[in-house]
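In the numbering used here, the protein residues as written are 18 to 270. All C-beta atoms in this analysis are idealised placements derived from N, C-alpha and C, irrespective of residue type, glycine included. None of these values were measured; they are calculated from a predicted model. Everything on this sheet refers to the single structure shown next.
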């Protein structure tokens, strides 16, 4: 199978080269698959693009896709997913952070579960063995836990980490049917994750969570915000209303 690791970047000059090297090292333990990296960049101005271009000369499996404009994390991933499926003809893709909040060593673990027959593999902070950064403040820990639990209860999901950003998706019969369009996805920010998780579950994807240790962003500065928490709750509520409408045939919006 061809597997593409999608890495969104914007002004990640200090890290992206190291991330690519670390992923390439992990690919060596991936047997029977063709693994590659797709960097989706929001038109960085700090030299990130130059580094990725140099790495693409060093590694033939590194691709660069430049967005015309920076439209948010969700849209960067959506554009990367469409490119991976339609241009690279990938069989599965992995969503991966570009600043080492995700551990490259977890990539082979996700792929092993694909080999075990799973269609959607989530790197989970909230299953036994999973961890969040100890440096997080109490309010952030509570918001993260509450958001994930709220989504689980409201949408009737069986998964525990419903806002994880580290996921593997099988394309055939599943990812190819997702609403990967700027006019259909409910959020162009972090909450796109909730929408796609819900749709994958609705498609009958065989889902598994594996424990991961979520790492603190270097410098301790989070890219998420209160707006993202509110957006996550909004997306969950919209999906719930759609679910009610389908079940009862009512006039829910």
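Quiz prompt | Exposure of residue 104, with buried meaning 16 or more beta-carbon neighbours within 10 Å | solution = Within the chain shown, numbered from 1, the residue matching residue 104 stands at position 87. Looking at its Cβ environment, which holds fewer than 16 other Cβ atoms inside 10 Å, residue 104 is exposed.
Quiz item: Mind checking residue 222: buried by the 16 CB within 10 Å criterion, or exposed?
Solution: By 1-based counting over the chain shown, the position of residue 222 is 205. Counting Cβ neighbours within 10 Å, residue 222 comes out buried, since at least 16 surround it.
Quiz prompt | Cβ neighbours of residue 70 in the same chain (closer than 8 Å, five flanking residues each side left out) | solution = Numbered from 1 along the chain shown, position 53 holds the residue referred to as residue 70. Excluding residues within five positions, the ones whose Cβ falls inside 8 Å are 81.
Quiz item: Pick from 185, 137, 40, 259: whose alpha carbon is nearest that of residue 116?
Solution: In the chain shown, the residue the question calls residue 116 occupies position 99. Of the listed residues, the one whose Cα sits closest to residue 116 is 40.
Quiz item: How many Å lie between residue 204 and residue 47 at the Cα?
Solution: If you number the chain shown from 1, residue 204 lands on position 187. If you number the chain shown from 1, residue 47 lands on position 30. Those two C-alpha atoms are separated by around 33 Å.
Quiz prompt | Selected residue, minimal CA-CA separation from residue 65, among 177, 20, 261, 83 | solution = Sequence index remark: in the chain shown, residue 65 carries index 48 (1-based). Comparing Cα-Cα distances from residue 65 to each of 177, 20, 261, 83, the minimum goes to 83.
Quiz item: Would the beta-carbon of residue 207 fall within 8 Å of that of residue 90?
Solution: Position 190 of the chain shown, counted from the first residue, corresponds to residue 207. Position 73 of the chain shown, counted from the first residue, corresponds to residue 90. Closer than 8 Å, so yes.
Quiz item: What is the DSSP secondary structure of residue 238, counted as helix, strand or coil?
Solution: For the purposes of this step, residue 238 is taken as the residue at position 221 of the chain shown. Since pLDDT at residue 238 reaches only 46, below the 50 mark, its modelled position is unreliable, and the value read off the structure follows with that caveat. Coil.
Practice problem: Assess, as a yes-or-no matter, whether the stretch 248–262 is touched by the stretch 169–178 under the definition of 3 or more beta carbon pairs within less than 8 Å. | Solution: yes
Quiz item: With 16 other CB atoms within 10 Å as the buried threshold, where does residue 247 fall?
Solution: What you label residue 247 is simply residue 230 of the chain shown in a count that begins at 1. Exposed, since its Cβ has fewer than 16 Cβ neighbours within 10 Å.
Quiz item: Can you list the beta strand (DSSP E) stretches of 3 or more residues lying completely in the stretch 112–153, in chain order?
Solution: 137–141
Quiz item: Helix, strand or coil: how does DSSP classify residue 198 here?
Solution: Taking the chain shown and counting its residues from 1, the one referred to as residue 198 is at position 181. Coil, per DSSP.
Quiz item: Which residues in the same chain as residue 112 place their Cβ atom closer than 7 Å to its Cβ, once the five residues preceding and following it in sequence are excluded?
Solution: The sequence position of residue 112 within the chain shown is 95, counting from 1. Excluding residues within five positions, the ones whose Cβ falls inside 7 Å are 23, 94, 182, 183, 184.
Self-check item: Pick from 159, 29, 226 that is closest to residue 137, judged by C-alpha positions
Solution: Locating residue 137 in the chain shown gives position 120, where the first residue counts as 1. Here the closest residue by C-alpha is 226.
Practice problem: Answer yes or no: do residue 73 and residue 27 have a C-beta to C-beta separation smaller than 8 Å? | Solution: Along the chain shown, one-based indexing puts residue 73 at 56. Along the chain shown, one-based indexing puts residue 27 at 10. Cβ atoms of residue 73 and residue 27: not closer than 8 Å.
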